[in-house]
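Visitor: Have a look at the structure that comes next, please.
In my numbering, the protein residues as written are 263 to 477.
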């Protein structure tokens with residue numbers, strides 16, 4: 263049952279993302295003369311984002327019980343997510359201390375907390391995406407990055423038939439292609455950061471060891 267709740271985390275986590283960013287846009291983009299009329303709208307967004315972020319943290323903790331994620335990235339993602347939730351609470355509190363007309367005494371602390379909450383949200387989201395899609399999910403799309411994956415398609419037609427032996431050059435080419443496929447398609451779920459099914463494919467010994475269902 264707890265694992266089922268954990269699987270809801272990727273769905274719930276998108277609510278605080280949209281709500282907090284929308285609240286920040288309204289707070290900083292709406293002209294001063296309209297601030298009083300938008301006060302309750304922004305407050306409603308903050309209340310909803312606090313509830314959604316709390317649910318995201320709870321469901322995320324349940325999801326972490328699966329044990330399929332590397333500890334380092336998971337720990338950073340967890341604590342940045344918890345920090346986002348706590349900062350959202352603090353932002354809502356400070357917004358409540360502020361008058362609808364926007365008194366200066368509480369304007370800067372409130373706005374600073376709102377901005378800091380959004381930054382924490384972005385950081386937590388980045389590490390969450392790294393857990394789900396691999397650490398190179400952004401860098402693999404950048405041509406100047408060492409992780410860039412520019413392959414369109416890989417052919418394995420290395421020999422005229424199944425019984426023919428590969429030349430040394432063909433074996434080397436095949437080895438490079440297999441490593442490229444593993445790096446760009448397999449490590450995101452079966453590497454050091456994420457180990458689905460207890461199977462790692464980032465080293466020869468791990469490959470032959472197999473996973474939870476054996477070698």
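No residue lacks a Cβ here, since even glycine has one placed at the ideal position from N, Cα and C.
(1) DSSP has residue 452 in a bridge; who is on the other side?
(2) Measuring CB to CB, does residue 375 end up less than 9 Å from residue 353?
(3) Just the Cα atoms here: how many angstroms apart are residue 286 and residue 322?
(4) With C-beta atoms as the reference, is residue 350 less than 9 Å away from residue 278?
(5) Taking C-beta to C-beta, are residue 459 and residue 473 nearer than 9 Å?
(6) Could you pull out every residue in the same chain whose Cβ sits closer than 7 Å to the Cβ of residue 359, ignoring the five residues on either side in sequence?
(7) Specify the secondary structure class of residue 236 as computed by DSSP and reduced to three states.
(8) How big is the Cα-Cα spacing for residue 433 and residue 427?
(9) Between the region 428–448 and the region 313–322, do at least 3 Cβ pairs fall closer than 8 Å?
(10) Which residues mark the beginning and the end of the alpha helix (DSSP H) in which residue 301 is found?
Guide: Let's see:
(1) 457
(2) yes
(3) 24 Å
(4) yes
(5) yes
(6) 368
(7) The question about residue 236 has no answer, for the chain in this structure spans 263 to 477.
(8) 9 Å
(9) no
(10) 297–325
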